[in-house]
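Novice: Sharing a structure with you now.
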Amino acid sequence: MPMTPKEMIELLRQNGFVRKRQRKSSHLIMFNPQTKITVPVPMHAKELKKGTQSGILKQAGIKKV
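Residue numbers (the UniProt record's numbering): 1 to 65.
In structure tokens form, the structure reads like this:
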């Protein structure tokens, strides 16, 4: 099921990620201090595409939801 960027950020937070930075770009950078993994999350109003969503989860080491 497609997720919005806000839902993805919440899922990442539940898995130990914190906001690292977001400058003037369209991506929010999330970081997990325990695993030292950094993942970008595109910030827009639409749902994330299936491939983008699975790519973020794969980079984060989170099994599909």
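We put the CB at the ideal spot given by N, CA and C, even for glycine.
1. In angstroms with no decimal places, state the Cα-to-Cα distance between K24 and A60.
2. Tell me H27's beta-bridge partners as DSSP assigns them.
3. From K36, S26, H44, E47, pick the residue whose C-alpha is nearest to that of N15; which is it?
4. Roughly how many angstroms separate the alpha carbons of F17 and L11, rounded to a whole number?
5. At which residues does the beta strand (DSSP E) containing K64 begin and terminate?
Specialist: Looking at the atomic coordinates:
1. The count along the sequence shown starts at 1 and reaches residue 24 at position 24. The count along the sequence shown starts at 1 and reaches residue 60 at position 60. Going by the C-alpha atoms only, they are around 23 Å apart.
2. For this step, residue 27 is matched to residue 27 along the sequence shown. Answer is P42.
3. As a first step, residue 15 is located in the sequence shown; it is residue number 15 there, counting from the start. Per the Cα distances, K36.
4. Residue numbering aside, residue 17 sits at position 17 when the sequence shown is read from its first letter. Residue numbering aside, residue 11 sits at position 11 when the sequence shown is read from its first letter. In a straight line, the C-alpha of F17 is about 9 Å away from that of L11.
5. If you number the sequence shown from 1, residue 64 lands on position 64. It is not in any beta strand (DSSP E) - K64 carries neither H nor E in the DSSP assignment.
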